[in-house]
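What follows is a set of notes on a single structure, which appears directly below.
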Amino acid sequence: MNAPVRTSRFAAEIFAEWACGLAAGDIPARAREVARLALVDHVGLTVAARREPYVTAVVESCDGDGPCTAFGHARGFSAGDAALINGTASHGEDYDDTFEGNPIHTSTVVIPAVLAACERYGRTGADALAGIVAGAEFMCRTALIAPTAIHRAGFHPTAVIGALGAAAGAGVALGLNARQLTDALGIAGSMASGIIEYLAEGTWTKRLHPGWAAQAGLRAALLGRNGFLGPRSVIEGEHGFFLAFAAPGIERRYGALSDGLGSAFHMENIAFKPYACGTMAQPFVDCAIRIAEGGVRPEDIEDVLCRVGEGTVHRLWEPLSEKRRPSTPYSAKFSVPYCVAAGLVDRAAGLGQFTEERIADPALIALAAKVRYEIDPEDEYPRNYSGDVAVRLRDGSERRARQPHMRGGTREPLSEGEILAKFDANLAFGGLAGAGAELRSVCEGLFGMTDLAALARTRAGVAASV
0 MNAPVRTSRF AAEIFAEWAC GLAAGDIPAR AREVARLALV DHVGLTVAAR REPYVTAVVE
60 SCDGDGPCTA FGHARGFSAG DAALINGTAS HGEDYDDTFE GNPIHTSTVV IPAVLAACER
120 YGRTGADALA GIVAGAEFMC RTALIAPTAI HRAGFHPTAV IGALGAAAGA GVALGLNARQ
180 LTDALGIAGS MASGIIEYLA EGTWTKRLHP GWAAQAGLRA ALLGRNGFLG PRSVIEGEHG
240 FFLAFAAPGI ERRYGALSDG LGSAFHMENI AFKPYACGTM AQPFVDCAIR IAEGGVRPED
300 IEDVLCRVGE GTVHRLWEPL SEKRRPSTPY SAKFSVPYCV AAGLVDRAAG LGQFTEERIA
360 DPALIALAAK VRYEIDPEDE YPRNYSGDVA VRLRDGSERR ARQPHMRGGT REPLSEGEIL
420 AKFDANLAFG GLAGAGAELR SVCEGLFGMT DLAALARTRA GVAASV
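Numbering that gives the first Met the number 0 applies: residue 0 is where the sequence shown begins, and numbers increase by one.
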């Protein structure tokens, strides 16, 4: 069958033309640095979750071996299965990087797809770098087309945008031409999925979303490479992505996908999380810790008021009964009342704060029950993530703290030392501290490698450590 005649240029075509011309040597130093740190952070997070029940369930669903690496596991997997496992594990504890401007997680989707493509098909580290940057850039730009509209429609932006972002990243890494990559993006639009009903009970489906998107995008890239046709109007078409996955009534700025391509790299604004919980909860944790460090004792607290952006309420505050007493550790990660209580009691919100034992602690639950919210019409969400916490004590006095932006983002980035310390802690949490030096060395040198055979060699280190 002949391909349909195509005349005008759509957003997917414009992006594909730029992305297919992206060479590793053209990538700015800052974008390259962010990609390197994102790779380090991603690998540590994947290892940290390797023994968690949800990862075990995914691994055991994979019914064959292959040449590709799932970090923290000794056996090899098919490319699709490796992408599925790495994407699920790296996002599972909600400790992965996020984009400032509209919350979306890029590395947890794009890096698994790109690494699997490169490892399976013998591509270079430079190909991996170009793919990671291109895929992350696609996701960040698409997230800016209609901020908050995807969440409001009941979909998870990382999941649905991620399928296309993974296709972009894998397609660039595999050397697709612009026509093939446009088809891959069009195909991925029909593979995108991921509803946010996990919020009701803190179940595991959100954890699966990036892995599913990664393997779907990889498959879309391979289909595009082999001549399978996809709609070039996938983004802005009458029946396209933003009709399917975004709530009506919010302006669509389709130019966000193409404006300034090659001169502005939005993926440079990826933020690295200091806490193992939802993105918009992070500044509130900072506030709570600051108040606790000022000498406030949990037992002296009568009331905690958080001023919040209206767009965060349906994910982080309601239903309030669930948020004040999370039913699962995963639900606790998306509860500002619980996260604030953890900051006030433990002065921390790391992996250890989100366990079955910790969410049942009477002191934490009692304090979470005192945390309430008030919508602040001046809050800048989603352009900026801030926190504002006021604590009223038994003696009538008040302590207040404000965090004007997300720590770990562009305004207050984590240092490389902090990211590497997080990497080490994550490997220790996953029981692979002894493999840390080798894994870090591979991450640091990957973009200069002529092939990714070093990934397979890390599996031997995992086998020796278990």
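All residues carry an ideal CB built from backbone N, CA and C; glycine is no exception.
At a Cβ-Cβ threshold of 9 angstroms, leucine 163 and alanine 213 do not count as neighbours. Per DSSP, glycine 71 lies in no alpha helix (DSSP H) segment and is marked neither H nor E.
Membership of valine 295 in any beta strand (DSSP E) is not indicated, and neither H nor E is assigned to it by DSSP. Taken through DSSP and simplified to helix, strand or coil, tyrosine 253 comes out as helix.
Shown here, arginine 393 sits in coil according to DSSP, grouped into three states, outside any helix or strand. Tyrosine 53: member of the alpha helix (DSSP H) spanning 52-60, first to last residue. By the beta-carbon neighbour count (other beta carbons within 10 angstroms, threshold 16), glycine 351 is exposed. Cβ contact annotation for glutamate 250 (same chain, cutoff 8 angstroms, sequence separation greater than five): Ala145, in chain order. Between alanine 420 and alanine 37, the alpha-carbon positions lie close to 14 angstroms from each other. By the C-beta density criterion, leucine 426 is buried, having at least 16 other C-beta atoms within 10 angstroms. The three-state secondary structure of phenylalanine 271, taken from DSSP, is coil.
Judged by their CB atoms, methionine 279 and valine 370 are not nearer to each other than the 9 angstroms cut-off. For the stretch 366-450, the continuous alpha helix (DSSP H) assignments of 4+ residues that do not extend past its boundaries occur at 415-428, 435-444, in sequence order.
Taking the Cα of phenylalanine 241 as reference, the smallest distance to any Cα among Arg401, Ala30, Ala287, Gly153 is reached at Gly153. Within its own chain, the residues whose Cβ lies closer than 7 angstroms to the Cβ of alanine 287, once the five positions on either side in sequence are excluded, are Val339, Gly342, Leu343, Val388, listed in chain order. Using a Cβ distance threshold of 9 angstroms, alanine 34 and leucine 128 count as a contacting pair. Your pair valine 171 and alanine 133 checks out as a contact, with CB atoms roughly 4 angstroms apart and the cut at 8 angstroms. Taking one beta carbon from each stretch, the stretch 404-414 and the stretch 82-89 have fewer than 3 pairs nearer than 8 angstroms; the two do not touch. In this model, glutamine 179 and glutamate 196 are separated by some 34 angstroms (Cα to Cα).
Under the three-state reduction of DSSP, isoleucine 194 is assigned to strand.
Glycine 63 sits exposed, since fewer than 16 C-beta atoms from the chains shown fall within 10 Å of its C-beta. Isoleucine 186 and glycine 229 do touch by the CB rule: their CB atoms are close to 4 angstroms apart, below 8 angstroms. If you keep only unbroken alpha helix (DSSP H) runs of at least 4 residues inside the stretch 273-351, you get 281-292, 312-315, 319-323, 328-331, 335-344. Counting C-beta pairs with one atom in each stretch, the stretch 356-365 and the stretch 250-267 have fewer than three that are closer than 8 angstroms, which means they do not touch. Here the C-alpha atom of threonine 354 lies approximately 16 angstroms from the C-alpha atom of valine 54.
In chain order, Leu83, Gly86, Thr87 place their CB closer than 6 angstroms to the CB of glycine 210, counting only its own chain and leaving out the 5 sequence neighbours on each side. Contact between the stretch 113-121 and the stretch 57-77 is present: 3 or more CB-CB pairs across the two stretches fall below 8 angstroms. Glycine 193 places its beta carbon 9 angstroms or farther from that of threonine 327. With contacts defined as CB atoms closer than 9 angstroms, valine 307 and leucine 315 qualify as a contacting pair. The alpha helix (DSSP H) runs lying completely inside the stretch 69-110 and spanning 4 residues or more are 78-90, given in chain order. Take the alpha-carbon of aspartate 360 and the one of phenylalanine 446: they are about 45 angstroms apart.
If you compare the alpha carbons of Ala245, Arg456, Gly71 with that of glutamate 235, the shortest gap goes to Ala245.
Nearest in C-alpha terms to glutamate 99, of all of Gly216, Gly408, Trp17, is Gly408. Three or more pairs of CB atoms, one per stretch, sit closer than 8 angstroms, so the stretch 389-403 contacts the stretch 287-299. By the neighbour-count definition (other C-beta atoms within 10 Å, threshold 16), glutamate 321 is a buried residue. Within the same chain, Ile374 come within 7 angstroms of glutamate 309 by CB-CB distance, once the 5 residues on both sides are set aside.
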